[in-house]
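Using the UniProt record's numbering, you'd call the opening residue of the sequence shown number 1 and step up by one each time. Ideal Cβ placement from N, Cα and C applies to all residues, glycine included. Source: prediction; values computed, not measured. Written out below as structure tokens is the structure these notes cover.
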Amino acid sequence: MKSVKKRHTLSDRGEATRQKIIERAAPVFNRHGYAGTALSELMEVTGLQKGGIYRHFSGKEELACEAFLFAWKRATAPRMEGLCETDGAVDRLRLLVRNFVHRVPPLPGGCPLMNTAVDADDTNPALLQLARKAFRDWRALLMKIVREGQRQGEMRRDLSPGSVADLLIGSLEGALLIGRIEGNRNALCSAQKHLDGWIQSLACRAGVRKLSQKRKAA
């Protein structure tokens, strides 16, 4: 029994160390990219030597992939706040836009999706594949909300859910890029204002009235 307990303890410690490495490496990869991240930086932020880092990973690529997944999870969590408690497709889309603009992820370096997609485009297929999946998951969520709105009669039937999702993501990520270039949030705030009005223009008035009546009755 003692040997089994000891193995579990060592395994738990190893997993805790592995997670600590991922958490501390994520901001470095997010700021500098895969090619721009030096082993010396990883050693500095983790407090470990090369052997101490790579005993938990097959190599730099695996660590970078795990760091991206961690960073993307940190980025998406604040953007999803309040979504489950919000009724109606229009209000849910508006909430997601508002969260993107005002709930800044606690991760240095900006949006992990944009950073990784640009950095890994020609250099790392594994990272690019993860970025592609993250984008498609985000797009699928927006499309699902639009489709639900159409089924409930809240959003126009002639809308293409994919086109709505692409415009929302493109506008927000584009505004984020402009903000990084200009060093301010003006483009993001402007994007929110215009997207908010545009989203409301996608609604069916009858469906919105029905939803409003349902809320009052509740």
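Give the DSSP-derived three-state secondary structure of Leu-130 in the structure shown.
Looking at Leu-130 - three-state DSSP - the assignment turns out to be helix.
Give a yes or no on contact between the stretch 79-97 and the stretch 180-189, applying the rule of three or more CB pairs nearer than 8 Å.
no
Would a C-beta distance cut-off of 8 Å place Glu-148 and Ala-75 closer than the cut-off?
no
What residues match up with Met-155 in a beta bridge as DSSP calls it?
Ala-203
Using a beta-carbon distance below 8 Å, is Met-43 in contact with chain B?
In summary, chain B is missing from the structure at hand, where a single protein chain is found.
Taking Asp-91 as part of the alpha helix (DSSP H), name the residues at either end of that continuous run.
For Asp-91, the enclosing alpha helix (DSSP H) covers residues 89-102.
Expressed to the nearest angstrom, what Euclidean distance is found between the alpha-carbon atoms of Lys-60 and Gly-110?
21 Å
Roughly how many angstroms separate the alpha carbons of His-102 and Leu-42, rounded to a whole number?
30 Å
Touching or not, the stretch 137-145 and the stretch 157-166, by the rule of three or more beta carbon pairs under 8 Å?
yes
Specify, as a first and last residue, the run of the alpha helix (DSSP H) that residue 221 falls within.
Absent from the model: residue 221. The displayed extent of the chain is 1 to 218, so no value can be given.
Can you tell me the Cα-Cα spacing of Ala-64 and Gln-49, whole angstroms?
17 Å
Short of 7 Å in beta carbon distance, which residues of its chain neighbour Leu-195, apart from the five on each side in sequence? Order them along the chain.
Val-97, Leu-168, Ser-171
Please go through the same chain and pick out, in chain order, the residues whose beta-carbon is closer than 7 Å to the beta-carbon of His-8, but skip the five residues on each side of it.
Because His-8 carries a pLDDT of 44, less than 50, the predicted location of this residue cannot be relied on, and the following value inherits that uncertainty. Cβ within range, chain order: n/a, list empty.
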